[in-house]
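Since the structure comes first, as structure tokens, the remarks are kept for the end.
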Amino acid sequence: RLPVPEPTAEELAYIQPLLADTAFTERLRRNRARLLGQLVSMRRLANSIARCLSPLDDFCAPALRVPGSKDVAPWWTRRDDAVLLVGVYKHGSRGVEEIIADSHLPFSQPLATGGSGEAGGSKGDGDGDGDGDG
Numbered sequence: 002r003l004p005v006p007e008p009t010a011e012e013l014a015y016i017q018p019l020l021a022d023t024a025f026t027e028r029l030r031r032n033r034a035r036l037l038g039q040l041v042s043m044r045r046l047a048n049s050i051a052r053c054l055s056p057l058d059d060f061c062a063p064a065l066r067v068p069g070s071k072d073v074a075p076w077w078t079r080r081d082d083a084v085l086l087v088g089v090y091k092h093g094s095r096g097v098e099e100i101i102a103d104s105h106l107p108f109s110q111p112l113a114t115g116g117s118g119e120a121g122g123s124k125g126d127g128d129g130d131g132d133g134d135g
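The sequence shown begins at 2 in our numbering and counts up by one.
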């Protein structure tokens with residue numbers, strides 16, 4: 002069983018009114034399986050990253066690729082998977098813009114900000130080698 006941290010007084014002050022809101026508690030009840038899965042995943046990620054002396058250097062993402070599936074981008078590597086997971090740990094699973102803007106996250110290529118799905122910046126010439134020659 003995973004240890005559950007005690008909430009701070011500030012966290013309790015934020016949470017208690019939410020728990021009194023019947024619409025909020027109903028949403029929690031309806032989505033409990035998905036939310037619990039997300040909490041367990043984030044806890045596992047936090048535990049894995051916490052074991053690293055320097056997460057950006059030491060953390061290795063598990064192999065998640067399914068044979069026959071398409072890659073995110075031709076230049077995307079397993080190292081980028083690890084960096085993305087560190088970004089999720091640091092900024093949260095909804096912190097997409099913060100992850101993209103975080104200059105401390107060393108992705109292989111700059112990430113696009115407009116939802117185009119392609120790398121931004123001068124290195125993203127489309128052929129994945131980063132030389133700018135297309």
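Cβ coordinates follow ideal geometry from the N, Cα and C atoms, glycine included.
- Under the three-state reduction of DSSP output, PRO6 falls in the coil class, being neither helix nor strand.
- The alpha-carbon of VAL97 is positioned some 27 Å away from that of THR9.
- Between LEU86 and LEU46 the beta-carbon gap is near 6 Å, inside 8 Å, which marks them as a contact.
- Taking every protein chain shown into account, the CB of ILE16 has fewer than 16 other CB atoms within 10 angstroms, so this residue is exposed.
- With respect to the 7 Å criterion, PHE108 and ALA83 are not classified as neighbours on the basis of their beta carbons.
- Between HIS92 and ILE100, the gap from beta carbon to beta carbon is short of 7 Å.
- The Cβ-Cβ distance between ARG35 and ALA62 does not fall below 7 Å.
- When the Cα atoms are used, LEU19 and GLU11 turn out to be separated by approximately 13 Å.
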